[in-house]
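What follows is a set of notes on a single structure, which appears directly below.
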Amino acid sequence: MENLTFVYFQPILISIVVLLILLSLFLLLKKNIDKSSKISCIIFSVIALYFSGLLIIIEGTIIDELNLKGDQKSFYLSIFGIGISIINLIIAVMKKNGVKH
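Take -10 as the starting number for the sequence shown in this note's numbering and just add one per residue.
Written out as structure tokens, the structure reads:
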């Protein structure tokens, strides 16, 4: 087997990054966020953070075991996803709660 490149996790990582960007836009554009939306944003950011890290670890294991080459795009997408997740967590925690009735 010649030196093939493993790129099968790229669509998953791209989807995670796009969803995280949409979540950060939601957090930045909405003035007041109720508590349930804030908790949902925090949970989604933590799950995305977990899966971004897990995918890059699994990809490294697969690449090592099958003697393949890794691509830089997946690594950078993973790091970008982890960074956006952390930023979303900070924004969600610092955002004020919605209007109480």
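Backbone N, C-alpha and C define an ideal beta-carbon position, used for all residues, glycine too.
Item, Value
"Stretch-stretch touch, CB-based, cutoff 8 angstroms, three pairs: the region 60 to 70 with the region 12 to 23", "no"
"Endpoints, the alpha helix (DSSP H) within which residue 24 is located", "24 to 55"
"Residue -7 classed as buried or exposed, judged by whether at least 16 other C-beta atoms fall within 10 angstroms", "exposed"
"Contacts around residue 81, its chain only, beta-carbon distance under 8 angstroms, and the 5 residues preceding and following it disregarded", "16, 22, 27, 30, 31, 34"
"Within 8 angstroms, strictly: CB atoms of residue 54 and residue -2", "no"
"Integer-rounded CB distance, given that residue 76 should sit under 8 angstroms from residue 95", "Since the displayed the chain opens at -10 and closes at 90, residue 95 lies outside it and no answer follows."
"Supposed contact pair residue 40 and residue 92 - C-beta distance, whole angstroms, cut 8 angstroms", "The question about residue 92 has no answer, for the chain in this structure spans -10 to 90."
"Beta-bridge partners of residue 72, as assigned by DSSP", "DSSP, once it has assigned bridges, lists no residue as partnering residue 72."
"Cβ shell of residue 61 (< 7 angstroms), same chain only, five flanking positions each side left out", "none"
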